[in-house]
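Colleague: Sending over a structure as structure tokens; questions will come in a sec.
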């Protein structure tokens, strides 16, 4: 189900915990699986759970709780815009509306070309840089006013 390279990455995460607590690496293992597969299918979640010696439902509970995990296919670029109160007060809602207008999609939708998926996210921990978004759970983009959004979308296209 996963490449040897991904399994080695998971093994490195597992090694950080006592042998009897290897399920503690579930968040990292799910992220590694998602990086390889693009999203987490039920089969991928079950594979990770079995690899870590835990119940598949326990791994699914983690994957379904955190918004960084995708339980359905997403576009090449997943934009998660923070609309929590500090970002909302600093333009997060306006940034999200601008992105919706530019891409022609709403939250939890993907552009027809499969390039962009827009998600609404909780606090990204960068309130002083609001409004913010994260691209593919990896890259923080700050001060997302229309010009910065235009530049980001142009760069990603």
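Residue numbers (the numbering used here): 65 to 221. Heads up, the beta-carbon is just placed ideally off N, CA and C, and yes, glycines get one too.
Taking only runs of the beta strand (DSSP E) that begin and end inside the region 119-167, which ones reach a length of at least 3 residues, in chain order?
Modeller: Here the runs fully enclosed are 141-146.
Colleague: Between the beta-carbon of residue 113 and the beta-carbon of residue 90, is there less than 9 angstroms?
Modeller: Against a cut-off of 9 angstroms, the Cβ pair of residue 90 and residue 113 comes out as a contact.
Colleague: For residue 186, which residues in the same chain have their Cβ closer than 8 angstroms to its Cβ, ignoring the five residues on either side in sequence?
Modeller: Cβ within range, chain order: 131, 146 and 148.
Colleague: Residues bridged to residue 203 by DSSP?
Modeller: Partner(s): 199.
Colleague: Between the region 115-129 and the region 165-185, do at least 3 Cβ pairs fall closer than 8 angstroms?
Modeller: Touching, no.
Colleague: Using a threshold of 9 angstroms, state whether the C-beta atoms of residue 195 and residue 159 are closer than that.
Modeller: The answer is yes: Cβ separation under 9 angstroms.
Colleague: Excluding the five sequence neighbours on either side, which residues of its own chain have a C-beta within less than 7 angstroms of the C-beta of residue 200, listed in chain order?
Modeller: Excluding residues within five positions, the ones whose Cβ falls inside 7 angstroms are 141 and 142.
Colleague: Mind pulling the alpha helix (DSSP H) runs of 4 or more residues that sit fully within the region 172-199?
Modeller: You should have found no qualifying run.
Colleague: Could you check how far apart the C-beta atoms of residue 93 and residue 115 are, in whole angstroms? I think they sit under 8 angstroms.
Modeller: Yes, residue 93 and residue 115 are in contact; Cβ-Cβ is about 7 angstroms, under 8 angstroms.
Colleague: Quick one: is residue 114 near chain D, going by C-beta distance under 9 angstroms?
Modeller: This model lacks chain D altogether; it includes just one protein chain.
Colleague: Quick check on the DSSP output: the alpha helix (DSSP H) that includes residue 115 runs from which residue to which?
Modeller: Residues 106-116.
Colleague: Can the beta-carbon of residue 191 be found closer than 9 angstroms to that of residue 154?
Modeller: Yes, these two residues count as a Cβ contact at 9 angstroms.
Colleague: Using 10 angstroms around the beta-carbon of residue 81, count the other beta-carbons present and answer buried if the total reaches 16, otherwise exposed.
Modeller: Residue 81 is exposed by the Cβ-count criterion.
Colleague: Based on Cα-Cα distance, which residue from 175, 174 and 166 lies nearest to residue 216?
Modeller: Taking only the C-alpha atoms, the option nearest residue 216 is 166.
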